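Residue numbers (the numbering used here), protein chains in the order written: chain A, 1 to 129; chain B, 130 to 258; chain C, 259 to 387; chain D, 388 to 516. Every residue, glycine too, gets a C-beta built ideally from N, C-alpha and C. Please read all numbers here as calculations on a predicted model, not as lab measurements. Notes follow once the structure below has been shown.
4 protein chains.
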Amino acid sequence: MNEAEPSGRIEIRVRYSECDPMGVAHHTAYPVWFEMGRTELLRAATGLRYRDLEAQGFFLAVVKLDVRYKRPARYDDVLGLETTMTGSGRAKLEHAYELFRDGVLLATGSTTLVCLDSGGRPRPLPDGL
Amino acid sequence: MNEAEPSGRIEIRVRYSECDPMGVAHHTAYPVWFEMGRTELLRAATGLRYRDLEAQGFFLAVVKLDVRYKRPARYDDVLGLETTMTGSGRAKLEHAYELFRDGVLLATGSTTLVCLDSGGRPRPLPDGL
Amino acid sequence: MNEAEPSGRIEIRVRYSECDPMGVAHHTAYPVWFEMGRTELLRAATGLRYRDLEAQGFFLAVVKLDVRYKRPARYDDVLGLETTMTGSGRAKLEHAYELFRDGVLLATGSTTLVCLDSGGRPRPLPDGL
Amino acid sequence: MNEAEPSGRIEIRVRYSECDPMGVAHHTAYPVWFEMGRTELLRAATGLRYRDLEAQGFFLAVVKLDVRYKRPARYDDVLGLETTMTGSGRAKLEHAYELFRDGVLLATGSTTLVCLDSGGRPRPLPDGL
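Here it is in structure tokens:
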């Protein structure tokens with residue numbers, strides 16, 4: 001991990017409703033957690049709240065999502081999610097994710113977001129992002 | 130059931146992601162299905178699409194939800210949901226729900242919706258509803 | 259609230275994925291939060307983990323859910339949820355819920371759970387519950 | 388698309404609860420739909436039901452998920468999802484997905500599944516898959 005890249009960590013307790021008949025977190029729970037990681041990284045690194053960005057007409061839409069699942073997460077597990085901003089452009093943000101339980105890597109992921117206006121057209125990211 | 134009350138039936142196949150570690154549909158899936166039942170009843174009974182109502186500034190918000198769970202629904206089950214409009218007022222709609230599998234009642238429910246404007250203030254329902 | 263009734267409080271930050279096109283938390287998010295409240299009340303009041311109960315063959319199934327929605331919760335809001343065990347029987351648990359934001363009541367709810375074995379048949383609750 | 392690869396199409400109507408404050412389907416709804424596509428492709432191509440596979444001790448776990456989002460899907464849209472089995476190994480299945488609305492491509496995706504036993508250990512796929 002590049003020390004210059006903004007990075008943050010959140011804790012997540014796996015909810016019962018996130019788990020499936022295999023008794024593990026459903027694979028669609030992970031990108032929900034990634035989104036939480038981005039919200040908190042934005043808050044921690046810039047002091048901005050994503051909901052204020054939306055109120056100002058900046059909408060960050062996911063255009064790419066990749067996840068690799070290595071070990072299952074289970075109901076009631078406490079997980080650590082590391083979110084890192086790995087790249088950015090005029091209207092684009094890239095993040096990478098590492099999900100851990102007790103130091104063991106459970107999954108990795110990456111996303112690309114584009115900045116849109118309220119009509120869904122690309123617009124430059126706000127200053128400071 | 131009052132024959133004069135608008136009523137409709139939809140079929141739902143239980144999704145894997147809707148099921149929990151007990152191997153049955155999680156109890157929060159049922160109100161999602163009820164909402165689908167209301168969308169389709171509106172379409173069938175009035176020709177209106179709920180998304181057009183929202184585009185015109187009418188938002189129907191759930192203020193009351195009651196569900197009684199009698200028998201579990203399982204992954205891949207095909208369920209029948211009967212949705213009935215049981216009451217209405219100037220800015221209010223009441224519905225009742227019965228969920229079946231092969232003629233066996235799995236659950237019942239009821240909801241009350243209120244009509245709001247885009248700012249969240251009560252407003253009368255549109256004509257024809 | 260009866261002081262003798264076990265009660266606990268959790269904090270919840272509303273997730274983006276829990277919010278709908280009205281910009282508020284979807285009504286099905288609330289019973290997910292109630293379930294989290296029960297998990298934490300069980301842990302705090304008895305030291306038991308619900309996942310251990312399931313591992314021992316005790317499954318708590320929701321048979322009744324009632325929710326009253328008074329004011330909307332919004333994305334990124336930090337909510338306080340008070341969960342109280344309001345009643346219990348040989349194979350039954352009743353809970354009540356109050357959801358707050360900054361001391362303002364947003365919603366109330368109640369649930370009834372029954373204790374089942376792995377085959378879905380009623381069984382008495384474990385000792386200590 | 389290789390004509391020899393098993394492929395199937397399902398229709399999906401976007402649910403209100405799947406949509407977010409941007410008014411479009413949340414990006415985590417897409418892998419839920421992909422899973423539905425796999426269930427139906429399995430049924431159509433082999434006559435097998437995934438729930439029967441689980442009952443026989445074969446669990447298909449997602450180890451890789453990639454999605455590219457090109458255009459948003461909206462509430463009440465009727466979408467067509469094409470699911471294709473693009474590869475398979477002794478204990479592995481690969482699928483590709485194309486999501487359309489009125490012939491316009493909204494998203495593409497791919498997944499890799501591995502076959503596990505009830506204890507989470509890899510096991511060969513059942514015959515006929």
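- Contact between Thr112 (chain A) and Tyr97 (chain A) does not hold, since their C-beta atoms are separated by about 13 Å, which reaches or exceeds 8 Å.
- Counting C-beta pairs with one atom in each stretch, the stretch 507-514 of chain D and the stretch 443-463 of chain D have three or more that are closer than 8 Å, which means they touch.
- Spanning the alpha carbons of Leu42 (chain A) and Ile10 (chain A) requires a straight line of approximately 12 Å.
- In this structure, the CA atom of Ile12 (chain A) is about 13 Å from the CA atom of Leu106 (chain A).
- Per DSSP, Tyr179 (chain B) is one residue of the alpha helix (DSSP H) stretching across 179-184.
- Asp246 (chain B) has a beta carbon lying at 8 Å or more from every beta carbon in chain D.
- Per DSSP, the continuous beta strand (DSSP E) segment holding Glu140 (chain B) begins and ends at 136-142.
- Apart from sequence neighbours up to five positions away, the residues of its chain that approach Val282 (chain C) with a beta-carbon distance below 7 Å are Pro330, Ala331, Arg332, ordered along the chain.
- DSSP places Glu223 (chain B) in the uninterrupted beta strand (DSSP E) bounded by 221-230.
- Scanning chain C for C-beta atoms nearer than 7 Å to the C-beta of Tyr75 (chain A) yields Arg309, reported in chain order.
- The three-state secondary structure of Gly37 (chain A), taken from DSSP, is helix.
- When only Cα atoms are considered, Arg90 (chain A) and Gly209 (chain B) end up about 50 Å apart.
- DSSP places Ser217 (chain B) inside the beta strand (DSSP E), whose first and last residues are 207-217.
- Under the Cβ criterion of 8 Å, Thr39 (chain A) is not counted among the residues facing chain D.
- With a threshold of 16 other beta carbon atoms within 10 Å, Gly238 (chain B) meets it and is buried.
- Thr369 (chain C) carries a strand assignment under DSSP once its states are collapsed to helix, strand and coil.
- Inclusion of Met343 (chain C) and Glu293 (chain C) in the CB contact set at 8 Å is not warranted, their separation being larger than that value.
- Comparing C-alpha distances from Leu65 (chain A) to each of A:Gly103, A:Ser7, A:Val114 shows the shortest one belongs to A:Val114.
- Not a single CB atom of chain D sits nearer than 8 Å to the CB of Met214 (chain B).
- Only those residues of the stretch 135-154 of chain B whose C-beta falls short of 7 Å from the nearest C-beta of chain A are listed: Tyr145, Ser146, Cys148, Asp149, Pro150, Gly152.
- The beta carbon of His284 (chain C) is closer than 8 Å to those of Glu276, Cys277, Asp278 in its chain, skipping five residues each way along the sequence.
- In chain order, Arg273, Ser275 make up the part of chain C whose C-beta sits under 7 Å from the C-beta of Val32 (chain A).
- Looking at the DSSP output, Lys457 (chain D) sits in no beta bridge, so it has no partner there.
- Not a single C-beta of chain A is nearer than 8 Å to the C-beta of Glu356 (chain C).
- Between Asp206 (chain B) and Val161 (chain B), the CB-CB gap reaches or exceeds 8 Å.
- The C-beta distance from Tyr274 (chain C) to Thr28 (chain A) rounds to 14 Å, too long to fall under 8 Å, and the pair is not in contact.
- The criterion of a C-beta distance shorter than 8 Å is not satisfied by Gly474 (chain D) and Ala432 (chain D).
- With fewer than 16 other beta carbons inside 10 angstroms of its own, Val362 (chain C) counts as exposed.
- Residue-level contact by beta carbon fails for Val465 (chain D) and chain A, as no gap is shorter than 8 Å.
- Sequence-distant Cβ neighbours of Phe100 (chain A) in its own chain, meaning closer than 6 Å and more than five residues away, are Gly80.
- Beta-bridge partners assigned by DSSP to Ala25 (chain A): A:Cys19.
- For a Cβ distance threshold of 9 Å, residue set Arg402, Tyr403, Ser404 of chain D lies close to Glu164 (chain B), ordered along the chain.
- Among the bridge pairs identified by DSSP, Phe59 (chain A) is matched with A:Leu116.
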